[in-house]
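Residue numbers for the sequence shown follow the working numbering, beginning at 9 and rising by one. Cβ atoms here follow ideal geometry from the backbone N, Cα and C, with glycine treated the same way. Working notes for the structure below.
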Amino acid sequence: MSLNPFPASRVLLLTPDGEIEALDPAGERFGNPLIVLARERCLFDPLQTPDGIGAGAGLTAVRLRAQTAAPYQTPGFAITRQGRRFGIWWWDAEWVAEKLVQAGLPIDSAVLPETLFYAPATAPRILKPTTGYEAQIWDQGFLVADLWRRSPFDEASWRAFQAQWGPADTAFPPLPAPQKQPILLKSSYRRSLLSSLTNEKLLELGAMAAMTLLLVATAFLFGEGISLERQTDAVRGSVLVEQSKAPARSQGQADVNQIIALKRELEHSDPLTLLRNAQEIVLPFGYKISAFSATRRSLTISLPEEAVAGVDLICTELNASPYFQNATPKLNHQKKALTIEMTVRGTQSLKPTADEEGT
């Protein structure tokens, strides 16, 4: 039996050297471990979408950049947002996964950069994170510029940072003294987080989606309506069994290929196709569908409670798709789940079945 060597804390720091240290930040954490990744192991890229681009299109463009422009072969990323301003955080997901396995921690533990756990500032500042020094510029509680370096900033490097990130006529303060900030689990900057996803997680979610669709297909052959509740723990167990037979990446690619094959087979607007389309829309946000209920007319999906942070854009993308409309979120605090109910486009003229009339 594998024992967790860090049972006293669910919030753990992954240092630049790959060591795991227990943290005790203000706030509470339940469930899977939350990994705070040292700033030295992260890269930051600020973006602003042009005027005239809708929220859904802007987010899609930022997600594509996060997935394709990372300087790592297997990148992990997190996206923050305030209006049309975004921030992309990148890290080496392969290195992180290796260190988690060595420490006996789940490979799918949530991973977020250290900076997301610091309180915002009202003026440019220099922090002393786990290692090195971090120069920051904040605007209305949102981080718009961030630079890490191993050696302390001097007047020349501080001015160079200002010239690189700020307009020429901006009045910046002189070189500030480096300050140490406490790690806050409920930092207001972290609430700007929209999406956090590693390639390892993407393959895992793809495998879950494929296996879920296979289960649904069997049920669909025996009736038109679908009302299934599938908890992800059972699916994850099946995925792990399959992954043990081959390298994780090869198995993940095989599962993705299976999804592509299913896509070719399920071309009609039936509940199976709609479920798959909903999973594809939600997947880039970093969340998996934990339960669902579907008929010809409607689809209801359940997501983790933390998905409420980006629920407005999730609903925007669902409504912008050719499959769904009237996406309505509901938060169930008791079950710690976010439910999104939506209607299927083009089904208003369909006559309800006996089962639908009884519901």
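Buried versus exposed call for Gly91 [16 or more other C-beta atoms within 10 Å across all chains shown]: It counts as exposed.
Status (buried if at least 16 other CB within 10 Å, exposed otherwise) for Ala77: Exposed is the call here.
C-alpha gap between Leu31 and Val19, whole angstroms: Straight-line spacing of the CA atoms in Leu31 and Val19 works out to 6 Å.
Through-space distance from Ile43 to Leu21, alpha-carbon basis: Approximately 6 Å between the Cα atoms of the pair.
Continuous beta strand (DSSP E) assignments of at least 3 residues falling wholly in the segment 43-100: Listed in chain order, the complete beta strand (DSSP E) runs (minimum 3 residues) inside the segment 43-100 are 50-56, 83-90 and 93-100.
Whole-angstrom distance between Glu102 and Ala299, CA atom to CA atom: If you take the alpha carbons of Ala299 and Glu102, they lie about 29 Å apart.
Per-residue DSSP class, three states only, for Thr23: If DSSP states are grouped into helix, strand and coil, Thr23 belongs with coil.
Beta-bridge partners of Gln148, as assigned by DSSP: Answer is none; Gln148 lacks a bridge partner.
Separation of Pro292 from Asp320, as counted between CA atoms: Going from the Cα of Asp320 to the Cα of Pro292 covers about 14 Å.
Meets three-Cβ-pair contact criterion under 8 Å: the segment 121-132 and the segment 183-203: Result yes; three or more Cβ-Cβ pairs closer than 8 Å.
Delimiting residues of the beta strand (DSSP E) encompassing Thr347: Note, Thr347: beta strand (DSSP E), Ala345 to Val352.
Leu282 to Thr82 span [Cα, whole Å]: Their Cα atoms are separated by approximately 30 Å.
Cα-Cα separation between Thr130 and Leu311, rounded to whole angstroms: Between the C-alpha atoms of Thr130 and Leu311 there is a straight-line separation of about 34 Å.
Val109 beta carbon less than 8 Å from that of Gly84: Cβ distance not < 8 Å, so Gly84 and Val109 don't count as in contact.
Residues near Gln189 in its chain [Cβ-Cβ closer than 7 Å; skip 5 each side]: Answer for Gln189: Tyr126, Ala127 and Leu135, listed in chain order.
Enclosing beta strand (DSSP E) for Pro308 [first to last residue]: Checking the displayed sequence, the identity of residue 308 turns out to be Thr instead of Pro. Run containing Thr308: Ser306 to Pro312, per the beta strand (DSSP E) assignment.
Ile28, enclosing beta strand (DSSP E) - first and last residue: In the DSSP assignment, Ile28 falls within the beta strand (DSSP E) that extends over Ile28 to Ala30.
In DSSP terms, what Asp337 is bridged to: Here residue 337 is Pro; the residue named in the question, Asp, does not match the sequence. The partner list for Pro337 (beta bridge, DSSP) reads Ile348.
Chain-order list of residues whose beta-carbon lies under 6 Å from that of Thr139 (same chain, five-residue window excluded): So the list reads Pro24 and Glu48, once near-sequence residues are dropped.
Burial state of Gly66, where buried means 16 or more other Cβ atoms lie within 10 Å: Here Gly66 is buried, its C-beta having at least 16 other C-beta atoms within 10 Å.
Strand pairing of Ala171, partner residues [DSSP]: Per the DSSP secondary-structure output, Ala171 pairs with nothing in a beta bridge.
CB of Thr308 within 8 Å of CB of Thr347, strictly: Yes. Within cutoff.
Cβ-Cβ separation, Val70 to Leu55 (assumed contact under 8 Å), whole Å: Confirmed, about 6 Å.
Residues near Asn285 by beta carbon distance below 7 Å, same chain, minus five either side: Counting only Cβ-Cβ distances below 7 Å, and skipping sequence neighbours, we find Ser329 and Tyr331.
Three-way DSSP call (helix, strand, coil) for Asp320 in this model: Helix.
Distance between beta carbons of Pro132 and Pro182, contact taken as under 8 Å: Not a contact, Cβ separation roughly 10 Å.
Collapsed DSSP secondary structure at Arg244 in the structure displayed: At Arg244 the pLDDT is 41, less than 50, meaning the model places this residue with poor confidence; the figure from the coordinates comes in the next sentence. Here Arg244 sits in helix by DSSP.
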